[in-house]
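Below: the structure, in structure tokens.
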């Protein structure tokens with residue numbers, strides 16, 4: 002489960018998930034980034050089962066050229082917070098709606114971060130919006146991406162109007 | 002309640018709040034940005050009482066040179082979502098813990114955005130982290146800010162160790 | 002998905018939904034209004050994907066002869082609130098029970114409106130009651146509709162007694 | 002606690018509350034209606050302590066000239082639902098934020114009405130919006146009231162802009 | 002759906018449900034009472050669709066020889082509270098777990114009764130326990146029923162031990 | 002904290018509380034029973050600190066002449082359930098609204114009992130209603146108490162009407 | 002449903018469940034202990050249906066050689082608390098996600114224990130972690146078990162890395 | 002804020018808290034351990050502000066002679082989970098009831114741990130029970146401590162009976 006959206010480009014967004022069972026939800030993030038032409042990589046890294054690898058990933062992310070990290074996890078979702086503690090990059094958290102509480106636990110574990118270590122939290126299972134948020138951030142310095150985002154916005158609008 | 006953090010610099014972050022009663026919480030965002038040397042502006046703009054002005058603010062934000070918008074609101078907090086629908090910039094939402102539900106309504110109204118219009122949500126009353134998140138985004142293109150953020154992180158660390 | 006309950010009559014109730022996926026729930030509103038002989042129209046208008054069209058709809062609603070607007074949306078349901086900010090008509094909000102939180106997010110996003118911009122909120126997925134509420138409002142000035150409502154009430158009563 | 006907003010006019014809105022302890026919250030409804038020039042009456046009627054009087058009030062409301070009933074109650078708030086079962090008028094429910102659950106019980110008891118008997122629910126403690134909603138309904142047949150509502154909206158807007 | 006557990010005996014327990022869709026859950030109450038030899042009757046009576054019939058049932062219950070009333074309802078479950086307001090008998094409320102909130106609304110609408118009008122609330126969908134509670138009450142004056150209850154308790158115990 | 006409402010009468014209702022800190026709330030139960038002329042006794046018995054004494058109390062309750070047991074506890078409120086497992090008498094549970102969750106934990110711990118061991122649960126802090134419920138049960142076999150209950154109901158009604 | 006993980010060894014961990022329907026979840030605890038080579042026994046013991054047997058089990062646990070007790074129960078889950086009141090051993094509670102509230106009731110009933118009687122609570126349905134926690138406790142005095150735990154940790158890590 | 006309960010004894014229990022503001026709550030843990038004669042140490046270690054120090058503490062805990070770690074944190078409380086990922090010792094989590102959600106966020110962030118990394122969670126603000134749980138674990142290998150725990154249990158019992 003390690004993919005790079007465009008083989009010749011080094012990834013700008015790193016997508017982590019706490020468990021292989023999160024892959025279906027989190028693939029919406031990589032799919033959306035692929036559609037927007039944003040190179041990304043996808044890895045399974047667990048805050049509790051592979052803490053060293055998660056930390057190492059976070060620590061080296063900036064120097065490896067990443068600009069944004071997206072981290073999805075369920076239950077007591079610590080992954081995004083742990084990553085945010087080890088990288089200066091913006092970190093986007095996706096609470097996964099797994100388990101009996103349907104993601105309420107993951108939402109609170111992800112969003113209620115204490116001062117100093119922010120996690121940009123999106124909706125429960127909101128991996129697609131995590132990608133759009135990453136793209137908005139990258140578009141600050143990439144006019145072409147900004148144009149593609151604008152196009153995607155226009156398409157969403159058109160679909161609603163036409164589907165009317 | 003309209004302040005610019007540094008008079009000679011045009012603001013990079015726009016801080017909106019839905020009501021003057023949110024000012025105490027939201028001033029933590031402007032204070033933090035001021036400390037980090039990030040120029041910002043603070044305005045009251047309501048999604049329901051001044052919808053046109055909120056939309057106009059969002060629409061013109063990018064061309065006015067803003068890079069990030071922070072929007073804080075309580076109750077059925079629509080402000081961040083409405084702003085995000087009208088700007089391509091990254092929008093950070095601060096759910097304000099006002100009213101009998103202590104911000105649970107504002108949290109869900111802010112974070113549970115549908116696909117295509119992301120709001121980077123921080124903790125209830127987490128205006129300070131909204132500023133840190135904005136700074137992380139801006140630091141992608143500003144090495145000096147990145148250094149100041151690193152310094153702030155080190156200071157937080159030192160305080161905990163020394164306060165030990 | 003644009004229907005007018007009676008072709009020769011201009012609609013009195015506008016039914017908006019934030020997404021085509023809300024159509025199954027929201028059709029209960031149009032069906033009930035049709036049964037009560039209240040002309041209505043049904044459109045998809047999203048607070049975030051077609052904000053301009055939503056606002057334009059709200060702004061022109063009264064002069065187009067509408068008396069009540071029903072707006073159904075899920076997740077961070079901003080549609081009813083945005084519409085209520087742009088029309089002087091009574092706006093009825095239907096929180097849609099979509100997504101992992103089963104409509105708790107939509108309920109709070111719809112009902113917890115700040116002072117000045119009320120949304121008359123009905124139950125989660127309560128599109129049928131939105132129609133009955135619209136009909137109660139219209140019946141204030143329409144004795145025949147009042148009679149049909151009374152009849153419907155009597156039928157509900159009879160069904161319970163007979164079904165006993 | 003029985004007031005009529007204008008002595009020479011018969012009330013158009015009946016404001017009920019389940020307990021005298023709700024008076025502080027519910028007075029926001031009568032104050033707002035008074036400001037808008039809408040004659041109203043205020044009574045304490047309990048679904049459980051004075052059920053007959055509550056029902057009698059609901060039953061006779063329309064023929065006594067009332068157009069809208071506002072009912073505020075806390076805890077297991079049954080008042081609005083019971084009233085709605087006995088009147089064809091639109092009924093607005095105000096969940097009162099009393100007791101240890103801060104109105105979450107009253108919100109659900111008021112808004113989750115079954116099909117056929119709608120209660121137009123506003124925010125917890127949202128008595129002011131109950132009045133605005135009643136005024137929106139009455140303004141459908143009262144151009145002067147519509148103008149006063151428009152004026153109030155403009156004033157809210159101006160306050161935000163000036164207070165800025 | 003009107004059954005009397007023993008044809009020659011007049012019912013001691015009246016079982017009401019707000020809707021025919023509650024019948025599957027509520028039949029556990031009548032089945033349990035039948036097993037315990039307690040005569041009961043089962044009726045559909047809605048607080049909102051047949052309020053007069055519900056009230057009439059409650060009002061006449063004691064003189065008709067009933068000792069306990071069990072009322073099951075979902076959503077904004079007002080039935081038990083309305084019945085308790087009109088009878089001096091002990092009223093047992095069964096919150097039905099219908100709708101998107103899985104009975105959390107019905108639980109709060111049933112249990113959070115204000116002082117003076119108690120509803121003896123059992124678990125969500127706990128119709129069987131409503132029957133056992135009614136039987137405990139009746140057994141205060143019926144030694145044979147007490148013995149049967151004791152027997153049922155012993156059987157539950159034995160099943161656990163043997164099933165071990 | 003061991004009181005008997007009438008010295009010459011043996012108690013019919015036993016009121017237990019899990020902790021002396023529950024005394025303020027639970028005294029509403031004894032006060033109400035005293036007003037209704039129902040002899041009761043009040044004891045502190047903890048499911049966890051004095052389990053043997055709690056069980057012994059429950060086991061001997063019926064033969065000591067008690068008819069109803071009221072048990073109030075906060076947090077993980079096990080007292081009512083433990084007592085109900087050891088007595089055939091009807092047990093009324095009062096969830097105490099202590100601690101950070103304001104009684105939501107106590108409510109669920111008290112009401113969500115499994116089949117076979119019912120606890121008649123009243124509102125959070127609803128000790129007064131626990132007393133009224135006990136009185137309704139006792140009034141099945143005590144016409145004078147029934148009359149006093151009727152009188153109390155009439156007084157509640159009169160207060161609302163007069164206080165109007 | 003009474004198994005001992007290794008026939009020749011006396012059990013160190015006792016696994017109780019409140020109902021046979023909890024067996025599927027709770028078997029994860031015994032399976033995990035079996036894999037770790039920790040002898041355990043599994044019994045159904047209900048706090049409400051077999052209170053004496055539950056207490057007797059708890060009371061004799063230490064002298065029978067048990068070191069840790071794991072207790073799983075759903076709804077108003079009193080089992081772990083009752084056991085903890087009767088044994089000096091560490092007690093681990095597993096809230097079972099049964100019923101309409103998906104284990105939120107069991108979680109609060111298990112974890113919110115008052116001072117003096119702790120229950121080491123794991124996640125809803127977290128029987129596997131209950132076993133790991135028991136093993137961590139036992140490993141304090143068992144170097145071989147500590148090594149097996151370390152091995153299991155390494156395997157979890159390897160699986161994530163390889164499954165990557 | 003670094004104390005060792007008995008200067009001449011090396012600590013058996015390490016008490017961590019995520020912030021100095023947790024000290025008041027967490028001192029109940031150290032006070033209780035002191036009363037029980039269990040040597041402990043208290044440190045501030047944040048999962049997000051001092052992640053390296055937290056990890057280093059966890060990693061070296063066993064070889065430094067610690068047997069149990071207690072970790073208290075509020076909001077998105079990751080501390081206990083992070084520590085549990087780096088130590089084979091039993092880790093007890095204390096959710097701190099800070100912030101607008103009163104500890105519901107901390108409870109879920111602490112207890113809902115994924116399989117393999119258990120955190121023994123006690124009640125919100127339940128630092129005293131964390132100490133008792135640690136003592137129960139240590140008493141498995143310390144008969145004198147077991148006796149002191151038994152004594153404390155007897156005292157709690159006596160206080161309830163005498164306070165009666």
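Chains as they are written, first to last, in our numbering: chain A, 2 to 165; chain B, 2 to 165; chain C, 2 to 165; chain D, 2 to 165; chain E, 2 to 165; chain F, 2 to 165; chain G, 2 to 165; chain H, 2 to 165.
Note that the Cβ used here is the ideal one computed from N, Cα and C, for glycine as well.
Let me know if residue i comes out buried or exposed under the rule of 16 or more other beta-carbons within 10 Å of its beta-carbon.
| i | result |
| --- | --- |
| residue 113 of chain D | buried |
| residue 65 of chain E | exposed |
| residue 151 of chain B | exposed |
| residue 159 of chain C | exposed |
| residue 61 of chain A | exposed |
| residue 164 of chain H | exposed |
| residue 42 of chain A | buried |
| residue 140 of chain D | buried |
| residue 1 of chain A | Residue 1 of chain A falls outside the range modelled here, since chain A spans only 2 to 165, and no answer is possible. |
| residue 2 of chain E | At residue 2 of chain E, the pLDDT of 42 sits below 50, so the modelled position is not reliable; the number obtained from the coordinates is stated separately. Result: exposed. |
Relative to the alpha-carbon of residue i, which residue among the options has its alpha-carbon at the smallest distance?
| i | options | result |
| --- | --- | --- |
| residue 19 of chain A | A/116, A/50, A/163 and A/64 | A/50 |
| residue 46 of chain A | A/97, A/30, A/73 and A/69 | A/73 |
| residue 83 of chain C | C/17, C/145, C/156 and C/163 | C/17 |
| residue 144 of chain B | B/38, B/121, B/24 and B/71 | B/38 |
| residue 153 of chain E | E/71, E/35, E/48 and E/123 | E/35 |
| residue 76 of chain A | A/91, A/29 and A/105 | A/105 |
| residue 85 of chain B | A/162, A/29, A/134 and A/142 | A/134 |
| residue 14 of chain C | C/102, C/40 and C/103 | C/40 |
Give the straight-line distance between the Cα atoms of residue i and residue j, rounded to the nearest whole angstrom.
| i | j | result |
| --- | --- | --- |
| residue 93 of chain H | residue 118 of chain H | 12 angstroms |
| residue 78 of chain E | residue 148 of chain B | 59 angstroms |
| residue 127 of chain C | residue 26 of chain G | 36 angstroms |
| residue 12 of chain B | residue 67 of chain B | 6 angstroms |
| residue 33 of chain B | residue 115 of chain F | 52 angstroms |
| residue 48 of chain D | residue 24 of chain D | 16 angstroms |
| residue 157 of chain A | residue 55 of chain C | 14 angstroms |
| residue 121 of chain B | residue 155 of chain F | 57 angstroms |
| residue 81 of chain C | residue 111 of chain F | 38 angstroms |
| residue 108 of chain H | residue 130 of chain H | 15 angstroms |
| residue 44 of chain A | residue 71 of chain A | 10 angstroms |
| residue 10 of chain C | residue 136 of chain C | 16 angstroms |
| residue 29 of chain C | residue 29 of chain E | 32 angstroms |
Compute the beta-carbon to beta-carbon distance between residue i and residue j, rounded to the nearest angstrom, for a pair I have assumed lies under 8 angstroms.
| i | j | result |
| --- | --- | --- |
| residue 52 of chain F | residue 87 of chain G | 7 angstroms |
| residue 63 of chain A | residue 96 of chain A | Residue 63 of chain A to residue 96 of chain A, Cβ: 25 angstroms. No contact. |
| residue 31 of chain B | residue 99 of chain B | That pair is no contact at about 19 angstroms. |
| residue 69 of chain A | residue 91 of chain A | 5 angstroms |
| residue 102 of chain F | residue 125 of chain H | 7 angstroms |
| residue 138 of chain H | residue 138 of chain G | 5 angstroms |
Enumerate, from N- to C-terminal direction, the unbroken alpha helix (DSSP H) stretches of 4 or more residues contained entirely within the stretch 100 to 125 of chain F. 105 to 112
Quick check for students: name the residue ranges of the alpha helix (DSSP H) that lie wholly in the stretch 19 to 57 of chain B, counting only runs of 4 or more. Secondary structure within the stretch 19 to 57 of chain B: the alpha helix (DSSP H) runs of 4 or more consecutive residues, fully enclosed, are 24 to 36 (chain order).
Which runs of the alpha helix (DSSP H) at least 4 residues long sit entirely within the stretch 58 to 85 of chain D? Give them in chain order. Correct list: empty.
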